[in-house]
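Everything below concerns the one structure shown next.
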Amino acid sequence: MTTLLVDDDQNVRQSLSRFLELEGFECQSAASGLEAQSLLSRRVYELILLDLRMPGMDGLELLAWITALGITTPVIILSAHGEVADAVQAMKLGARDYLTKPYDPEELLLRIRRTLHTAQLERRTREIPETSCYWGSSPQNSRNYTLALKAAATKSTILLTGESGTGKEVTAQWIHQQSPRHDRIFLPVNLASLPEQLMESELFGYEKGAFTGAATRREGFFETAQGGTLFLDEIGELPLSMQAAFLRVLQEGTVRRVGNPREIPVDIRVICATNRNLAEMVTQGTFRTDLYYRLNVIPITLPPLRHRLEDLPELTAILLDSIRNRLGLAELSVEPEAIRRLEQYRFPGNIRELENILERCAILSDNRRVTEAQILQALPELRPAAQTGSSPYSRSPDSRSPDSRPPAGSSLRELEKHAITAALLRHGGNRTHTAAELGITRKTLLQKIRDYGIE
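Following my numbering, the numbering of the sequence shown begins with 559 at its first residue and continues without gaps.
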């Protein structure tokens, strides 16, 4: 990890360089702004520690030069007590953080690691292709698109509501990509996945020794998302005991780590989502009224798929393009008859269920074309009555669950093996019935069973 330390004080350069090298950093130092310019012209660094007060070219001038040249290396300002205003000006010029001298070495190390981690996450965010959001052209979602686009330009809190699977996280990421923070971190956090006893320390961070097992100081999600967007999914799961602290973050722009009363400023955009009725929770006393109104500045309700079936052709095209890229396929299309069949279904799992159905069909298709026959096999409810009921092709209600899929990141072979194995189990090992459900020939199925070593 290469670091450039710019400070005119030789004692500071020596002591700080020694400290950083002991922590595993490769550190080069410069005694002036001009020397730093020379080093930056010859080498790329992963972090710059910059003193503000130096003879000749000071820290602000050097920072302006760095910004003008488009150097993206994150900068942390080291300032004296009387230079807070200059430090704030440095933040406006693009510095990531500042620390007031004399600084606690552990706090400096924490800030360095946070800055580097955030920069890494931002690089990943920039590498992600712009999200194809599930807007469509239905009247309600056209209004949602207009509202979301206007909201993206602001820092106001957004509350996304809708049934599970309606695309709340995708919408939040799209809003982030349209915002002035688009090149900074987008950090999604699902509160339902956090144990209640750990939620406070995960969100707000903690100090060393704050509780049993807190061996080191750690930042929470609010600090990690500094400068970017924090997406809190399932906000209705936030315990009542933590809601006042969250309200303080929204109102004051500060957080308190567990075990430390000091207020730490954070500059983040918060987007929340829920499939619960927060207004009803307020009435029941399980959600704070003031927090509800603070979150509900810009409410956007995403309709269930069954209420916007006119968007199905467009949504299918968006999802197929995403699936094609994810599976590394050269092409992937859908028959018009397959779309018409899908329009007859109510989609209790919404867009997530549609995506799972299309992905399964894409994996099992011999010609990379989703057909009407495949849709009928995936959705027995759509078959004529004579073909349903006790048909060996019918399946248990949970077999189409939006979550019944292999882990994210699975290879194409793993996905196909998973789908074939699941179908065989549903049909008690009957190859003929399994092949019919999967929309492939019995010969092809037998070949795949041999290839994958399926028992």
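Just so it is clear, CB atoms sit at the ideal spot from N, CA and C, and this is done for glycine as well.
Residues near residue i in its chain [Cβ-Cβ closer than 7 Å; skip 5 each side]
i: L592; result: G614 and M615
i: R899; result: E930, I933, L934 and L940
i: L756; result: none
i: I998; result: L922 and D924
i: Q736; result: L707 and A710
i: N748; result: D791 and E792
i: F762; result: G778, F780, A803, V813, R814, R815 and V816
i: A981; result: T992, E995 and L996
Inter-residue spacing [alpha-carbon to alpha-carbon] between residue i and residue j
i: V816; j: S759; result: 6 Å
i: E754; j: E838; result: 22 Å
i: T631; j: R806; result: 32 Å
i: E789; j: E795; result: In the sequence as presented, Glu is not what sits at residue 789; that position holds Phe. F789 and E795: Cα-Cα distance of roughly 14 Å.
i: L934; j: K726; result: 28 Å
i: I635; j: G582; result: 21 Å
i: E579; j: C585; result: 7 Å
i: P797; j: Y764; result: 18 Å
i: S948; j: V728; result: Since pLDDT at S948 reaches only 37, below the 50 mark, its modelled position is unreliable, and no value is offered.
i: N835; j: L607; result: 47 Å
i: A709; j: D791; result: 18 Å
i: S957; j: H985; result: The pLDDT assigned to S957 is 40, lower than 50, so where the model puts this residue is not dependable, and the model offers no usable value.
i: L1004; j: Y903; result: 31 Å
i: H675; j: L597; result: 24 Å
i: T847; j: A711; result: 27 Å
i: P697; j: D609; result: 55 Å
i: L877; j: A896; result: 14 Å
i: F769; j: E604; result: 33 Å
i: A888; j: N914; result: 19 Å
i: L937; j: R866; result: 19 Å
i: Y850; j: F744; result: 23 Å
i: L717; j: G785; result: 19 Å
i: F845; j: E868; result: 36 Å
i: L885; j: E664; result: 44 Å
i: D879; j: A772; result: 45 Å
i: P660; j: A875; result: 58 Å
Counterpart residues of residue i in DSSP-defined beta bridges
i: D609; result: L636
i: E584; result: T560
i: R827; result: T787
i: N748; result: D791
i: Y656; result: I635
i: R971; result: Per DSSP, none; premise fails for R971.
i: R927; result: S891
i: I822; result: V813
i: L718; result: A831 and I858
Cβ distance (whole Å) where residue i is taken to contact residue j below 8 Å
i: A977; j: R918; result: 5 Å
i: T859; j: T990; result: Contact flag wrong, Cβ pair sits at about 46 Å.
i: D566; j: A589; result: 6 Å
i: E680; j: D741; result: 7 Å
i: E777; j: L668; result: 7 Å
i: V813; j: V824; result: 6 Å
i: A643; j: L621; result: Not really, about 15 Å apart at Cβ, beyond 8 Å.
i: L618; j: A648; result: 6 Å
i: L657; j: L651; result: Actually they do not touch by this definition, with Cβ atoms about 16 Å apart.
i: T673; j: H734; result: T673 to H734, Cβ: 20 Å. No contact.
Own chain residues within Cβ distance below 6 Å of residue i, not counting five before or after
i: V855; result: S714 and T715
i: E872; result: G694
i: A920; result: I881 and L890
i: K975; result: Y1010
i: P857; result: L717
Residues of its chain near residue i, where Cβ-Cβ distance is below 8 Å and the 5 sequence neighbours each way are ignored
i: K1001; result: none
i: Q678; result: none
i: P862; result: G720, E721, T724, F905 and N908
i: R571; result: L563, D565, S587 and A589
i: R852; result: T715, L805, L808 and Q809
> Taking the runs of the beta strand (DSSP E) that are 3 residues or longer, which of them lie wholly in the segment 753-819?
Replying inline: With a minimum length of 3 residues, the unbroken runs of beta strand (DSSP E) contained wholly in the segment 753-819 fall at 787-791.
>> Please give me, in chain order, every unbroken run of the beta strand (DSSP E) with length at least 3 that falls completely inside the segment 853-920.
In response: 856-859, all fully within the segment 853-920.
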